[in-house]
Amino acid sequence: MSFLPHHDGSSFFDFLTQHHPELRPGLHDIPTQRAGVPVDLGRPGTLPVPHGTTVLALKYRDGAIIAGDRRATEGFQIADRRIEKVFRIDEYSAMAIAGAAGPCIEMAKLFQTELEHYEKLEGVQLSCEGKANKLGQMVKANLPMVFQGLVVMPLYVGYDLKRKEGRIFKYDITGGRYEESDHHSIGSGGKDARNTMREHYRLGLDEEAALRVGLLALYNAADEDVGTGGPDLVRGIYPTAKIVSEAGIADVQESRVRALYETMIAERRRS
Amino acid sequence: MPLPYYVSPEQMMQDKAEYAKKGIAKGRSIIALEYVDGIVLAADNPSSSLHKVSEVYDRIAFAGAGKYSEFEHLRKAGIRHADLTGYMYSREDVSARTLSNAYSQSLGTAFSTDVKPLEVEILVVQVGINGQANEIFRISFDGSIVDEKSFAVIGGRSEAVQQYLREHATPQPPTLKDGLRRCLSALEQVATQKIPSENLEVAVLDRHRQGRKFRRLASVDISLLLV
């Protein structure tokens, strides 16, 4: 079959690796000398961590919410004010990313294709757990890039149709996959967002209340962390959020995010 | 050293073609028919898990008749081709025409070089959006490719089914209900008995759907449409 690619197996990622290695994320033959900060694995604390981002996920009564700020930075400069860090992956899942923008977006796109590819070849969707594991393998494959300082750190939420609940998965750079029971946040403002969520999160929140907690956490993270962008009232740029539930994935309308922030800011305004 | 038997190229091609045609005619027919919102694909298929019709990409579907293992192989190769193009360039750059050409090349090469030709006939259909026309390509075992209008039939006694559809064609595309009924009557023309709705595999490419246009109709939906 010379004109159509032949391959065994249902993974698009493996297909690319075998037949089109030039399209697979990674550095391949590019010289691996880096001008910036060298990574010394022998010394703790020198491993690169994602810069400038806050993305978070939290569960609510009927599923899970995933949200992220819009700022991309290059050193002390703002590279982009409207970057999108939350991606729809398929009908029942979404991921948010922290790290180097280029490889992050590439991974999200590849993961989308991977899941759709499997679904079409096999005629069924992967399980929620299966999708999360596959993402872990992709993060692991990115490990050589991490040593060049190009970290990709995803946060994954999916609605598990069998368990009838939303699920949150976090990862480490080696592809380790850990499930979170309630909420989690990653990125440079992740710690601030986690603090806020810890205080305000309650089990079984409804959609509106959970969204408010998520947006408040992003607001507080932007307050504390220079790498995280808050709501930009002048330009009309607001964090984005998506909701996964039994009904599938849905974008949170920008007008709704804006209204929530306007209330929040009005309450905080002095004089 | 003994000389190999001489077989004239004409004879060899004819034998291969006959062999392939026989294999394809053994199966049952599959119809692709334009309806008002897109394209409906209907197959007489007693199995509910081994599909003859399936999704390839956003607006593209595939149907295969003949030997299951062979068209299943082609289906998977087509999905890889489409996903690769979409990943490398953009989703809108994946087209039925490019895919059909790739199929045509593959089948043509296999027919002329392999000892055994592929016993398959396939359909690649694409629903038109934003006022574009639908595209229906029928590709035969020897790689010949035909651009069909309003309907196409592959597998089984396809000529008889085609004849029925031609006679019952309407100037305007039918509704899904009418289109599906027409498909069923056409398939029953060549079947020896009535086809129960659970033996009918139906999928649509509906241009009004968000995102991916392909949808498989469940058995209940099919019986509701046929009531």
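So the protein lines, in turn, are chains L and F.
Here my numbering is used: the first residue of the first sequence is -18, the next is one more, and so on.
Here my numbering is used: the first residue of the second sequence is 11, the next is one more, and so on.
Even for Gly, the Cβ is constructed at its ideal location relative to N, Cα and C.
6 Å CB neighbourhood of residue i in its chain, flanking five on each side removed
i: Val163 (chain F); result: Ser39, Ile41, Val171 and Gln172
i: Ile232 (chain F); result: Ser207, Leu210 and Val212
i: Val238 (chain L); result: Tyr219
i: Glu145 (chain F); result: Ala106 and Gln136
Cβ-based neighbour list, residue i, same chain, cut-off 8 Å, excluding 5 preceding and 5 following
i: Arg167 (chain F); result: Ala35, Ser39 and Val200
i: Leu241 (chain L); result: Leu192, Arg193 and Leu196
i: Ser110 (chain F); result: Val134, Phe147, Ile149 and Ile155
i: Leu124 (chain L); result: Ile154, Thr155 and Gly156
C-beta contact flag for residue i and residue j at 8 Å
i: Met88 (chain L); j: Met119 (chain L); result: yes
i: Leu37 (chain L); j: His181 (chain L); result: no
i: Thr35 (chain L); j: Ala174 (chain L); result: yes
i: Leu190 (chain F); j: Leu236 (chain F); result: yes
i: Arg148 (chain F); j: Leu133 (chain F); result: yes
i: Gln115 (chain F); j: Gly88 (chain F); result: no
i: Gly48 (chain F); j: Arg217 (chain F); result: yes
i: Val214 (chain F); j: Leu197 (chain F); result: no
i: Val130 (chain F); j: Lys77 (chain F); result: yes
i: Lys145 (chain L); j: Glu248 (chain L); result: no
i: Gly104 (chain L); j: His61 (chain F); result: yes
i: Tyr67 (chain F); j: Gly96 (chain F); result: yes
i: Gly170 (chain L); j: Asp213 (chain L); result: no
i: Pro6 (chain L); j: Leu94 (chain F); result: no
i: Gly33 (chain L); j: Thr209 (chain L); result: yes
i: Leu4 (chain L); j: Met98 (chain F); result: yes
i: Tyr159 (chain L); j: Lys151 (chain L); result: yes
Cβ distance (whole Å) where residue i is taken to contact residue j below 8 Å
i: Glu95 (chain L); j: Gly229 (chain L); result: Between Gly229 (chain L) and Glu95 (chain L) the Cβ distance is about 19 Å, and since that is not below 8 Å, they are no contact.
i: Ser229 (chain F); j: Ser207 (chain F); result: 6 Å
i: Lys121 (chain L); j: Gly156 (chain L); result: 3 Å
i: Val63 (chain F); j: Ala75 (chain F); result: So it is not a contact: roughly 10 Å between Cβ atoms.
i: Arg51 (chain L); j: Leu186 (chain L); result: At roughly 24 Å, the Cβ-Cβ gap does not stay under 8 Å, so Arg51 (chain L) and Leu186 (chain L) are not in contact.
i: Lys112 (chain L); j: Gly139 (chain L); result: 6 Å
i: Gly168 (chain L); j: Ala79 (chain L); result: 4 Å
i: Ala45 (chain L); j: Arg148 (chain L); result: 7 Å
i: Phe68 (chain L); j: Ala60 (chain L); result: Wrong, their Cβ atoms sit about 18 Å apart, outside the cutoff.
DSSP state of residue i mapped onto helix, strand, coil
i: Ser236 (chain L); result: helix
i: Gly171 (chain L); result: helix
i: Arg167 (chain F); result: coil
i: Arg69 (chain L); result: strand
i: Tyr140 (chain L); result: strand
i: Asp61 (chain L); result: strand
i: Asp213 (chain L); result: strand
i: Pro135 (chain L); result: strand
i: Ala201 (chain F); result: coil
i: Gly33 (chain F); result: helix
i: Ser229 (chain F); result: helix
i: Arg251 (chain L); result: coil
i: Asp216 (chain F); result: strand
i: Leu196 (chain L); result: helix
i: Ile89 (chain F); result: helix
i: Val120 (chain L); result: helix
i: Tyr45 (chain F); result: strand
i: Val17 (chain F); result: coil
i: Gly221 (chain F); result: coil
i: Tyr41 (chain L); result: strand
i: Leu210 (chain F); result: strand
i: Arg158 (chain L); result: strand
i: Phe151 (chain F); result: coil
i: Arg5 (chain L); result: coil
i: Ala75 (chain L); result: strand
i: His61 (chain F); result: coil
i: His0 (chain L); result: helix
Interface residues of chain B facing residue i [CB-CB closer than 8 Å]
i: Ser105 (chain F); result: Reference to chain B is not applicable here, since the protein chains of this structure are L and F.
Same chain, Cβ closer than 7 Å to residue i, neighbours up to 5 away in sequence not counted
i: Pro183 (chain F); result: Glu44, Tyr45 and Val46
i: Thr177 (chain L); result: Leu197, Ala198 and Asn201
i: Ala112 (chain F); result: His91
i: Ala27 (chain F); result: Asp152
i: Ala81 (chain L); result: Leu131, Val132 and Val133
Query raised in the report: Which residues, in order along the region 90 to 108 of chain L, keep a beta-carbon less than 8 Å from a beta-carbon of chain F?
Result: Lys90, Leu91, Thr94, Glu97, His98, Lys101, Leu102 and Gly104
Report task. Report the residues of the region 163 to 183 of chain L with a CB closer than 9 Å to any CB of chain F, ordered along the chain. Result -> none
**Report entry** Contact list for the region -18 to 3 of chain L against chain F, Cβ threshold 9 Å
**Finding:** Met(-18), Ser(-17), Phe(-16), Leu(-15), Pro(-14), His(-13), His(-12), Ser(-9), Phe(-7), Phe(-4), Leu(-3), His0 and His1
Query raised in the report: Closer than 8 Å, Cβ to any Cβ of chain L: which residues of the region 75 to 100 of chain F, in chain order?
Result: His83, Leu84, Lys86, Ala87, Gly88, Ile89, Arg90, His91, Asp93, Leu94, Gly96, Tyr97 and Met98
Query raised in the report: For the region 194 to 222 of chain F, which residues have a beta carbon sitting closer than 7 Å to at least one beta carbon of chain L?
Result: none
Requested in this report: Report the residues of the region 47 to 68 of chain F with a CB closer than 9 Å to any CB of chain L, ordered along the chain.
Outcome: Ser59, His61, Ser64, Glu65, Val66 and Tyr67
Query raised in the report: Listed in chain order, which residues of the region 17 to 34 of chain F have Cβ atoms closer than 9 Å to some Cβ of chain L?
Result: none
Requested in this report: Quick one: which residues of the region 112 to 142 of chain F get their C-beta closer than 8 Å to a C-beta of chain L? List them in chain order.
Outcome: Ala112, Tyr113, Gln115, Ser116, Thr119 and Ala120
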